[in-house]
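Data block below; observations after.
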Amino acid sequence: MGPPLLERVGIAEAALSGVNKPELLPKDFSTVIDVAGFLSAGQEKRLAQQIANIEKDTGFKLRILAQNYPETPGLAIKDYWQVDDRTIVFVADPTFGNILNFNVGAIVDLDIPRSFWSRLAGKYGNMFYWKEKGEDASVEAAVMAISQCLNEPVGPTNCSEVQ
Numbered sequence: 019m020g021p022p023l024l025e026r027v028g029i030a031e032a033a034l035s036g037v038n039k040p041e042l043l044p045k046d047f048s049t050v051i052d053v054a055g056f057l058s059a060g061q062e063k064r065l066a067q068q069i070a071n072i073e074k075d076t077g078f079k080l081r082i083l084a085q086n087y088p089e090t091p092g093l094a095i096k097d098y099w100q101v102d103d104r105t106i107v108f109v110a111d112p113t114f115g116n117i118l119n120f121n122v123g124a125i126v127d128l129d130i131p132r133s134f135w136s137r138l139a140g141k142y143g144n145m146f147y148w149k150e151k152g153e154d155a156s157v158e159a160a161v162m163a164i165s166q167c168l169n170e171p172v173g174p175t176n177c178s179e180v181q
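By the count of our numbering, the sequence shown reaches residue 181 at its end, each step adding exactly one.
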């Protein structure tokens, strides 16, 4: 097993390092936090429903943070979302070019090949995709692909295709 969630080195974490702004968190619990304003209220509601279905069907927790660094709650999300080994923290942030960044818990890491996350970011997170279709389209496409992947049986070929 790798280091605990949110302690691995990566772009999303570099963006979060040193930032801890719990005042940017919603008062009521939400699985989708859109500090950047990428999503409409309807999109947030649909994504929250998809996330609830993923959690019910697979036991994995997907959480989405849309931000424009440094305007981010940062590390405050860890406690707010009760991040654990079954959590996927999906940070949508165009600051570094590729909008899709993922931090996954140890159990997720065992079931989902690491190559899935880089292929997903390459397909829907690249600057050409989100500049043409919008940040919201990148987020929605990624959630659909994650849902399909998590619902596949675990095995040598699971999540080999990014839908």
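Cβ coordinates follow ideal geometry from the N, Cα and C atoms, glycine included.
Nearest to phenylalanine 47 by alpha-carbon distance, out of Val37, Pro131, Val180, Arg81, is Arg81. For a cut-off of 8 Å, the C-beta gap from aspartate 111 to asparagine 119 is around 6 Å, short enough to register as a contact.
Distance check between serine 165 and each of Ser136, Gln61, Leu42, Thr76 places Thr76 closest, using alpha-carbon atoms only. Taking 8 Å as the upper bound for CB-CB distance, threonine 105 and glycine 92 are not in contact here, some 16 Å apart. Counting along the chain, the unbroken beta strand (DSSP E) around threonine 105 starts and ends at 105-110. In this chain, leucine 118 is not harboured by any alpha helix (DSSP H); it is covered by the beta strand (DSSP E) spanning 118-122.
Scanning Glu150, Leu138, Lys96, Ser156 for the CA closest to the CA of valine 37 turns up Lys96. Rounded to whole angstroms, the gap between the alpha carbons of tyrosine 142 and alanine 66 is 19 Å. Here alanine 94 carries a helix assignment [DSSP, helix/strand/coil]. Counting the other CB atoms within 10 Å of its CB gives leucine 57 a total of 16 or more, which places it among the buried residues.
Cβ atoms of valine 101 and valine 107 come within 8 Å of each other, at about 6 Å. Counting other Cβ atoms within 10 Å of its Cβ, alanine 139 reaches 16 or more and is therefore classed as buried.
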